[in-house]
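Peer 1: Numbering (this note's numbering), first residue to last: 433 to 760. Ideal placement from N, C-alpha and C gives every residue a C-beta, glycine not left out. These numbers were taken from a predicted model, which means no experiment stands behind them. The structure follows.
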Amino acid sequence: MIAKERGIPIKLQKLEALLRRLPHSHPKIALIKEEYLKVRAGYQGEKSLDYYLSLLPDKKYYIFHQLRLPFKQQHFQIDTLVLSPYFMTILEVKNISGTITFDYNFNQLIRTKNGIEEAFQDPISQVKRHQFQLKYLLQENKYLDIPIIPQVIISNPSTLIKKEGFPQKNPTNITQSTNLIFEIEKLTKMNKKEVLAKNQLTKLVKLLLKKHIPEEYDVLKQFEINKDQILRGVHCPDCSKISMLRVHGKWICQSCQFSSKTAHVESLKDYALLISAVISNIDVREFLQISSQTLATNILQSLNVLSSGKGRSTMYHLGPKINLLKKI
Numbered sequence: 433m434i435a436k437e438r439g440i441p442i443k444l445q446k447l448e449a450l451l452r453r454l455p456h457s458h459p460k461i462a463l464i465k466e467e468y469l470k471v472r473a474g475y476q477g478e479k480s481l482d483y484y485l486s487l488l489p490d491k492k493y494y495i496f497h498q499l500r501l502p503f504k505q506q507h508f509q510i511d512t513l514v515l516s517p518y519f520m521t522i523l524e525v526k527n528i529s530g531t532i533t534f535d536y537n538f539n540q541l542i543r544t545k546n547g548i549e550e551a552f553q554d555p556i557s558q559v560k561r562h563q564f565q566l567k568y569l570l571q572e573n574k575y576l577d578i579p580i581i582p583q584v585i586i587s588n589p590s591t592l593i594k595k596e597g598f599p600q601k602n603p604t605n606i607t608q609s610t611n612l613i614f615e616i617e618k619l620t621k622m623n624k625k626e627v628l629a630k631n632q633l634t635k636l637v638k639l640l641l642k643k644h645i646p647e648e649y650d651v652l653k654q655f656e657i658n659k660d661q662i663l664r665g666v667h668c669p670d671c672s673k674i675s676m677l678r679v680h681g682k683w684i685c686q687s688c689q690f691s692s693k694t695a696h697v698e699s700l701k702d703y704a705l706l707i708s709a710v711i712s713n714i715d716v717r718e719f720l721q722i723s724s725q726t727l728a729t730n731i732l733q734s735l736n737v738l739s740s741g742k743g744r745s746t747m748y749h750l751g752p753k754i755n756l757l758k759k760i
């Protein structure tokens, strides 16, 4: 069963919002887009595993996605963790096209595509590091004898996989996502000793969920962008241009004529992702480019968000999910 669902990574959401909120002529656009495409490819690769994982029996396995756990003063994130009473397996997912070569001697992953060679971070070293960190966390919490098996999963079915310099018995498995269920079945046959009783398994699931720490990512800091450079206004859900005006109770796009009564919601999500999770009436008017204090109040009161303070000092707390409670 799914113990922790997969969500759209906060980094991906912030990069997408930033691309939408910067002028096309901005000098950092190409750099931001490159990072965005890389993060999106990784997410799509991880998501492509969902079908194969859904084939596993619900009662035998617990599946955790995007599990971010503490290690001393730092954190580490596991793409997917599969837990059973007999073992755990860490799945490090890579969505890389072309021909990839795992070089054992130099701890490198080399991709060859269109005659060009490119080096990537070695996913074997990465997943083995996560294995070490997870083992440390488990031992700290008195879970001593759980086998932790690292695996590298290549999610692109057309990728050609090669190995160089590997010993005959390599402890880290490398496989295509299409083979995942068979690899987990193989691990189940190899690890027949029950190391977690039912109550221990339940406690461990709760522990891992409790230890999870959501990812924090300051996209403006990474790309050294001042928040004053962020474009203001309501962006069109249809053409994405920031060219909507409020006319007779709805937003009208001046570029494609698309109309919406709730287009401001997505724009306020951009504000929460890029600038602050807390917003005032004045901030709403400035960001959405509206002059009416009453309209700003109605917009804020229509959102399913918490507020603090009174009168002009009222602040609204924009969470990651902003939903409408009523029409305005």
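What's the gap between the Cα of Lys638 and the Cα of Ile440?
Peer 2: 22 angstroms
Peer 1: Can you name, in chain order, every residue of its own chain whose Cβ lies under 6 angstroms from the Cβ of Phe598, other than the five neighbours on each side?
Peer 2: Result list for Phe598: Tyr536, in chain order.
Peer 1: On the three-state DSSP scale, how would you describe Thr694?
Peer 2: coil
Peer 1: What are the start and end residues of each continuous beta strand (DSSP E) run of 3 or more residues lying completely inside the region 679-725, in chain order?
Peer 2: DSSP assignment within the region 679-725 yields the following whole beta strand (DSSP E) runs of 3 residues or more, N-terminal first: 682-685.
Peer 1: For Lys560, collect the residues of the same chain with a Cβ closer than 7 angstroms to its Cβ; drop the 5 residues on either side in sequence, then sort them by chain order.
Peer 2: Pro582 and Thr604
Peer 1: If I follow the unbroken alpha helix (DSSP H) through Pro555, where does it start and stop?
Peer 2: Pro555 to Glu572
Peer 1: Is it buried or exposed, Leu738, if we count other Cβ atoms within 10 angstroms and call 16 or more buried?
Peer 2: Classification for Leu738: exposed.
Peer 1: Ala695 and Val716 - do their beta-carbons sit closer together than 9 angstroms?
Peer 2: No, the Cβ-Cβ distance between Val716 and Ala695 is not below 9 angstroms.
Peer 1: I'd like the span of the beta strand (DSSP E) that includes Ala435, first residue to last.
Peer 2: Taken as a continuous stretch (DSSP letters only), the beta strand (DSSP E) holding Ala435 covers Ile434 to Lys436.
Peer 1: Going along the chain, which unbroken runs of the alpha helix (DSSP H) with 4 or more residues stay wholly within the region 574-644?
Peer 2: 612-622 and 630-643
Peer 1: Just the Cα atoms here: how many angstroms apart are Lys759 and Arg452?
Peer 2: For Lys759, the predicted model reports a pLDDT of 44, less than 50, meaning its position is unreliable; a value from the coordinates is still stated below. Cα to Cα, the separation comes out at about 26 angstroms.
Peer 1: What are the boundary residues of the alpha helix (DSSP H) that includes Val471?
Peer 2: For Val471, the enclosing alpha helix (DSSP H) covers residues Ile461 to Lys479.
Peer 1: Just to check my reading of the structure: Pro489 and Lys643 have Cβ atoms closer than 8 angstroms, yes? What is that Cβ distance to the nearest angstrom?
Peer 2: In fact, because the Cβ distance is near 26 angstroms, the residues do not count as touching under 8 angstroms.
Peer 1: Do you know how far the Cα of Leu592 is from the Cα of Phe538?
Peer 2: 20 angstroms
Peer 1: Can you tell me which of the three DSSP states Asp535 falls into?
Peer 2: strand
Peer 1: Could you give the distance in angstroms between the alpha-carbon of Lys567 and the alpha-carbon of Phe552?
Peer 2: Rounded to the nearest angstrom, the two C-alpha atoms are 26 angstroms apart.
Peer 1: Per DSSP, Tyr748 forms a beta bridge with which residues?
Peer 2: Ile711 and Ser739
Peer 1: Can you look up Ile731 in the DSSP assignment and give me helix, strand or coil?
Peer 2: helix
Peer 1: Determine, using beta carbons only, whether Gln558 and Glu524 come nearer to each other than 9 angstroms.
Peer 2: Yes, the Cβ-Cβ distance between Gln558 and Glu524 is below 9 angstroms.
Peer 1: To the nearest angstrom, how far is it from the Cα of Tyr483 to the Cα of Glu437?
Peer 2: 13 angstroms
Peer 1: Considering just the uninterrupted stretch of the alpha helix (DSSP H) at Val525, what are its terminal residues?
Peer 2: Note, Val525: premise wrong, no alpha helix (DSSP H); beta strand (DSSP E) at Met520 to Lys526.
Peer 1: What three-state label does DSSP hand Ile548 in the structure shown?
Peer 2: strand
Peer 1: Determine whether the beta carbon atoms of Ile662 and Ile722 lie at a separation below 9 angstroms.
Peer 2: no
Peer 1: Check the DSSP bridge columns for Leu451 and list the partner residues they point to.
Peer 2: For Leu451, which the question treats as bridged, DSSP gives no partner whatsoever.
Peer 1: State the Cα-Cα distance for the pair Val679 and Leu720, rounded to the nearest angstrom.
Peer 2: 14 angstroms
Peer 1: Less than 9 angstroms separating the beta-carbons of Tyr748 and Val697?
Peer 2: no
Peer 1: Residue range of the beta strand (DSSP E) that Val514 falls in?
Peer 2: Gln506 to Leu515
Peer 1: Should Leu569 and Ile578 be called a contact, given that it needs their Cβ atoms to be closer than 9 angstroms?
Peer 2: no
Peer 1: In this structure, what does DSSP give as the bridge partners for Tyr494?
Peer 2: Leu515
Peer 1: For the putative contact between His507 and Ile613, defined by C-beta atoms under 8 angstroms, what is the C-beta separation to the nearest angstrom?
Peer 2: Incorrect: roughly 30 angstroms between the Cβ atoms, too far for contact.
Peer 1: Pick helix, strand or coil for Leu663, following the three-state DSSP scheme.
Peer 2: coil
Peer 1: According to DSSP, simplified to helix, strand and coil, what is Ile442?
Peer 2: helix
Peer 1: Quick one: grab the DSSP three-state call for Leu677.
Peer 2: strand
Peer 1: For Phe690 and Met676, I'd like the C-alpha separation in whole angstroms.
Peer 2: 9 angstroms
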